[in-house]
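See below for the structure under consideration.
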Amino acid sequence: MSELRTSEISGEQILAFAKRLFPITRSITGEGVRETLRLIQDILPEMQIHEVPSGTKCFDWSVPQEWQISEAYIEDAAGRRIVDFKNHNLHVVSYSTPVDEVLELDELQKHLHSLPEMPTAIPYVTSYYADRWGFCLTHEQRESLKPGRYRAVIKSKKFDGVLNYGELIMKGASKQEIFLSTYVCHPSMANNEISGPSVVTYIAKWLATLDRRYTYRIIFIPETIGSICYLSRNLKQMKSRVIAGFNISCVGDDRTYSIIESRTTDTLADRVAKHALKHVGAKTKVHTFLERGSDERQYCSPGVDLPVVGLSRTRFTSYPEYHTSLDDFSVVTAPGLKGGFDFVKACLEVLEGNHMYVATQLCEPQLGRRGLYPTLGARGIESSVDDLLNVLAYSDGETDLLQIAETCGISFATAHRAAQRLLGENLLRLAD
C-alpha cells in the first residue's frame, strides 16, 4: 500500500471537543451517556447507538438499573448550600439513592468522602451495586464544617431502563478486524474520562480518509459492565476476526506514554505497541498485565483471549490528579491530546503497513542504475542506503516488516518508506 496520508487533525480540535464533553454528568447508564454518544455521533454519523435493557444477563453480570439525578446539596442550619451538585458533578457519590434528611454533623460525616492527602481535591466515588447515598467534597471544606444540623438532599432515582454504547464498524479490504475500545461513563474528569473518547473520535475521523486494509470495530462503552455486555453479544465474531486491539484511556496529558501488556505479552498488538512506544521520542513506561485496571481486564480474560493492549499517556492511577476534581484541563492539553492521537495513529499505521515481502533478485541488486545508490558520498546518505539494503536482506517471505524494523533498529515508518521504494523498482514483491 502507499504511504498513509498525513493527518490534518490538530490538538486544538480534539481539545475543543473534549471541552464540550467535559461538563456532562455521566455514569454507567443514563442520559449523560446518551448525550455523550450523540455528540460523538455528530462527528461520526455512521456510529450506531445501541441499548441493552436493565436486567439483561451478560455472562456473570446483569445490566443494572438506570440512574437519574437532577439535584443534590447540603445546607447548613442557616440554609446556605455548602456543597452543591450544580457546582461540580463529582460532589455526589455516583448511583446515590435519594435522600432528604436533617442530620447532626456526626451522622452526616458517615456519608461524606474527602482526601486528607489532597485537601483541595473532590474525590470521585461510586456505589453502583450497593444502595447508599453520599457526598464528596474537598478535605478543606470538610474540616471547616461546624457542629450542628445539616440538611442533605439528593433528588435521584433508579429505574428499569437501558445501558447504552456506541459502535462504529468501518469496513476495509479485509474482514480481519482491528478493535478499538474507550469508555464514556465517568463524570467531569479530563484525562481519566474525556481524553479517551475525544482521541478515539478523531482517530475514527482520520481512518475514514484512508483506503483501509483492515476493518475497524470501534466502541464507546461504559467501563467494565459495558465491555462485559459487548463481549456477551459479539465474542464469537470477534474471536474469529480481531487480529489486534487497543483499549484507549488517559491519553491527554503531557507527562509520558505508556502501554499495558496483554495477558500473554506476545500478541501482534503487544509487538506493535512496544515498537511505537520506542519511537515516540519521550518518556515511556511499559506496564505488565498485573497493573491492569480498565477494560483490558475483560478483553484478555481466560476464554476471551483477545489480542488487546492498553494505550495511555500517563496510565490511570499513575498521576496524582486521578479520580479527583483536579483532573481538569490543567492536566489535559492540546499537545497532550495530539500526542495521544499520534501514538494511537502510529500503532494503526504499523498494522496497516505491516506485510511480508520477498526480494525479487538473487544477491544484492544494483541500486546505482535505479537511482537508489548515491554517486556522490555525503554525510547521512549511507544510512538511507543501509535501510534499503537491510530491508532487502531480511525480506525472505517469512519475516514481517515490523520484525525487520526491530531487527534493524529503525522505526517502522523508515522501514515502510524503504519497502515502498523497493516495491516501486520491483525489487520486492508481497509475500502475502
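Per the working numbering, the very first residue in the sequence shown carries number 49; after that it's consecutive. Every residue gets a Cβ at the ideal spot worked out from N, C-alpha and C, and that includes glycine.
Alpha-carbon spacing of residue i relative to residue j, whole angstroms
{"i": "Leu-440", "j": "Ala-321", "result": "24 angstroms"}
{"i": "Glu-79", "j": "Leu-436", "result": "55 angstroms"}
{"i": "Tyr-177", "j": "Asp-154", "result": "26 angstroms"}
{"i": "Val-290", "j": "Arg-265", "result": "9 angstroms"}
{"i": "Ala-394", "j": "Ser-192", "result": "50 angstroms"}
{"i": "Ser-50", "j": "Cys-233", "result": "Below a pLDDT of 50, predicted positions are generally treated as unreliable, and Ser-50, at 38, falls in that range; the measurement from the model is reported next regardless. Those two C-alpha atoms are separated by around 38 angstroms."}
{"i": "Leu-52", "j": "Arg-465", "result": "Because the pLDDT of Leu-52 is 45, which lies under 50, any placement of that residue in the model is unreliable, and the question is left without a value."}
{"i": "Thr-186", "j": "Leu-63", "result": "27 angstroms"}
{"i": "Gly-358", "j": "Val-433", "result": "36 angstroms"}
{"i": "Leu-420", "j": "Thr-315", "result": "35 angstroms"}
{"i": "Leu-396", "j": "Leu-338", "result": "25 angstroms"}
{"i": "Gly-107", "j": "Cys-277", "result": "In the sequence on display, residue 107 carries Phe and not Gly. Those two C-alpha atoms are separated by around 8 angstroms."}
{"i": "Ser-459", "j": "Ser-378", "result": "32 angstroms"}
{"i": "Ala-382", "j": "Val-392", "result": "15 angstroms"}
{"i": "Leu-399", "j": "His-159", "result": "49 angstroms"}
{"i": "Ala-256", "j": "Gln-224", "result": "17 angstroms"}
{"i": "Glu-119", "j": "Gln-157", "result": "20 angstroms"}
{"i": "Lys-205", "j": "Gly-329", "result": "49 angstroms"}
{"i": "Glu-454", "j": "Leu-410", "result": "24 angstroms"}
{"i": "Asn-239", "j": "Cys-456", "result": "36 angstroms"}
{"i": "Arg-477", "j": "Ile-452", "result": "15 angstroms"}
{"i": "Thr-408", "j": "Ala-463", "result": "17 angstroms"}
{"i": "Gln-89", "j": "Ala-461", "result": "32 angstroms"}
{"i": "Leu-258", "j": "Ile-273", "result": "32 angstroms"}
{"i": "Val-210", "j": "Arg-74", "result": "14 angstroms"}
Same chain, Cβ closer than 6 angstroms to residue i, neighbours up to 5 away in sequence not counted
{"i": "Ile-242", "result": "Ala-66, Leu-69 and Phe-70"}
{"i": "Asp-448", "result": "Asn-402 and Met-404"}
{"i": "Ile-72", "result": "Gly-80, Glu-83 and Thr-84"}
{"i": "Lys-333", "result": "Thr-304 and Ser-306"}
{"i": "Glu-149", "result": "Ala-200"}
{"i": "Val-141", "result": "Val-173, Ser-175 and Gly-182"}
{"i": "Lys-331", "result": "Thr-304"}
{"i": "Arg-260", "result": "Gly-220"}
{"i": "Lys-386", "result": "Gly-59"}
Beta-carbon contacts of residue i that lie in its chain and below 7 angstroms, excluding the five residues immediately before and after
{"i": "Ser-373", "result": "His-136, Leu-138, Ala-169 and Ile-170"}
{"i": "Ser-360", "result": "Ser-297, Cys-298, Val-299 and Ser-306"}
{"i": "Thr-230", "result": "Gly-244, Pro-245, Val-248, Phe-268, Ile-296 and Ser-297"}
{"i": "Ala-479", "result": "Met-404, Tyr-405, Val-406 and Gly-445"}
{"i": "Gly-388", "result": "Ser-243, Val-247, Val-299, Gly-300 and Arg-361"}
{"i": "Val-352", "result": "Leu-279, Leu-283 and Gln-346"}
{"i": "Tyr-442", "result": "Ile-452 and Thr-455"}
Contact under 7 angstroms by Cβ, residue i with residue j
{"i": "Glu-344", "j": "Asn-212", "result": "no"}
{"i": "Pro-270", "j": "Ile-76", "result": "yes"}
{"i": "Val-356", "j": "Tyr-367", "result": "no"}
{"i": "Ile-130", "j": "Ile-117", "result": "no"}
{"i": "Trp-181", "j": "Ile-57", "result": "no"}
{"i": "Asp-132", "j": "Tyr-198", "result": "no"}
{"i": "Asp-375", "j": "Met-166", "result": "no"}
{"i": "Gln-61", "j": "Glu-215", "result": "no"}
{"i": "Ile-202", "j": "Pro-164", "result": "no"}
{"i": "Ser-162", "j": "Arg-190", "result": "yes"}
{"i": "Ala-252", "j": "Leu-354", "result": "no"}
{"i": "Leu-475", "j": "Pro-413", "result": "yes"}
{"i": "His-327", "j": "Ile-308", "result": "no"}
Proximity test, Cβ basis, 7 angstroms: residue i and chain C
{"i": "Tyr-198", "result": "Here chain C cannot be found, since the structure has a single protein chain."}
Beta-carbon separation (whole angstroms), residue i vs residue j, contact threshold 8 angstroms
{"i": "Asp-301", "j": "Val-380", "result": "6 angstroms"}
{"i": "Ile-217", "j": "Gly-293", "result": "No, Ile-217 and Gly-293 are not in contact; Cβ-Cβ is about 14 angstroms, not under 8 angstroms."}
{"i": "Phe-364", "j": "Gly-341", "result": "6 angstroms"}
{"i": "Ser-222", "j": "Tyr-262", "result": "5 angstroms"}
{"i": "Glu-473", "j": "Arg-418", "result": "5 angstroms"}
{"i": "Leu-471", "j": "His-323", "result": "So it is not a contact: roughly 21 angstroms between Cβ atoms."}
Cβ-based neighbour list, residue i, same chain, cut-off 8 angstroms, excluding 5 preceding and 5 following
{"i": "Asp-208", "result": "Pro-101, Ser-102, Gly-103, Gln-113 and Glu-114"}
{"i": "Thr-54", "result": "Any reading at Thr-54 must be qualified, since the residue scores a pLDDT of 47, below 50, and its modelled position is unreliable; the value itself is stated next. Closer than 8 angstroms at the Cβ level, and outside the excluded window around Thr-54, lies no residue."}
{"i": "Gly-18", "result": "Residue 18 lies beyond the stretch modelled for the chain, which goes from 49 to 480, so this question has no answer here."}
For residue i, three-class secondary structure by DSSP
{"i": "Leu-113", "result": "Residue identity check: residue 113 is Gln in the sequence provided, not Leu. Gln-113: coil per DSSP, three-state reduction."}
{"i": "Gly-220", "result": "coil"}
{"i": "Cys-411", "result": "coil"}
{"i": "Phe-207", "result": "strand"}
{"i": "Val-499", "result": "Not covered by the structure: residue 499. The range shown for the chain is 49 to 480."}
{"i": "Ala-252", "result": "helix"}
{"i": "Arg-319", "result": "helix"}
{"i": "Phe-183", "result": "strand"}
{"i": "His-327", "result": "coil"}
{"i": "Thr-455", "result": "helix"}
{"i": "Phe-268", "result": "strand"}
{"i": "His-371", "result": "coil"}
{"i": "Tyr-143", "result": "coil"}
{"i": "Cys-277", "result": "helix"}
{"i": "Val-247", "result": "helix"}
{"i": "Glu-309", "result": "coil"}
{"i": "Phe-516", "result": "The chain is shown from 49 up to 480; residue 516 falls before or after that span and cannot be answered."}
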